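Visitor: Here it is, the structure in full.
Numbering (the numbering used here), first residue to last: 605 to 814.
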């Protein structure tokens with residue numbers, strides 16, 4: 605039986621502690637934001653904290669207010685090592701969303717300031733040719749502080765891109781729906797048409813293209 609909201613615990617560093625006990629000194633958490641939207645990039649972040657040193661209040665980014673995410677984003681950058689990789693819609697269309705996300709995860713680990721010894725990756729899948737051993741954690745953003753931090757960094761970074769998308773796609777309201785297939789977005793898609801920000805291989809967009 606799954607945990608209810610009243611019994612759900614916040615992420616902790618048990619996975620990181622376990623990895624270090626196995627001899628892995630530098631442990632990274634990796635997560636993405638933006639797999640589901642019809643438009644905009646997918647963003648992946650990798651975060652490494654020193655042992656026992658991470659901001660209080662880390663959690664799955666979806667469970668935090670925008671204001672809280674932004675405050676934690678600043679703390680994460682101050683206390684951890686961070687790498688961010690972005691795949692635009694063209695790359696998502698070329699590789700498919702799964703392939704683009706996994707490629708970004710590998711690139712994010714390689715982009716960290718120093719090599720890592722072990723990676724904790726949110727989800728069921730592990731990318732190929734990783735630079736270190738890794739473990740996939742389903743629901744990892746609610747279990748591991750490093751993955752939770754990565755989810756926050758990815759989400760805040762992607763959300764900040766949406767107003768920029770609005771600047772050259774008037775009428776879409778990307779700042780509000782973030783590219784997800786809301787009613788307002790679907791109406792804009794049918795009345796305004798497809799923009800360069802859209803993922804042309806996603807079914808509703810492909811249907812709008814005809």
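Yeah, the Cβ is synthetic: ideal placement off N, Cα and C, and Gly gets one too. Remember, it's a predicted structure, so these values are computed and weren't measured experimentally.
Find the nearest neighbour of residue 647 within the set 641, 637, 789, judged by alpha-carbon distance.
Guide: The residue with the shortest Cα to Cα distance from residue 647 is 637.
Visitor: Could you please give the first and the last residue of the uninterrupted beta strand (DSSP E) stretch that includes residue 664?
Guide: Taken as a continuous stretch (DSSP letters only), residue 664 belongs to no beta strand (DSSP E), as it is neither H nor E.
Visitor: If you measure between the beta carbons of residue 801 and residue 769, is that distance less than 8 Å?
Guide: Closer than 8 Å, so yes.
Visitor: Taking the alpha-carbon positions, what's the residue 797 to residue 683 distance?
Guide: C-alpha separation (whole angstroms): 43 Å.
Visitor: Whole angstroms is fine: what's the gap from residue 710's alpha carbon to residue 735's?
Guide: Cα to Cα, residue 710 sits roughly 8 Å from residue 735.
Visitor: Cα-Cα, which of 690, 712, 761, 782 is closest to residue 675?
Guide: Selected option, being the one with the closest Cα: 761.
Visitor: Mark residue 608 as exposed unless 16 or more other C-beta atoms lie within 10 angstroms of its C-beta, in which case mark it buried.
Guide: Note that residue 608 scores 43 on pLDDT, short of 50, meaning its location in the model is unreliable and no value can be drawn from it.
Visitor: Using 8 Å as the threshold, is the segment 620-637 in touch with the segment 741-759, meaning 3 or more CB pairs across them?
Guide: As far as the Cβ criterion goes, the segment 620-637 touches the segment 741-759, which means the pair count is three or higher.
Visitor: Near residue 785, which residues of its chain fall below 7 Å by C-beta distance, leaving aside the five closest residues on each side in sequence?
Guide: Correct list, in chain order: 642, 808.
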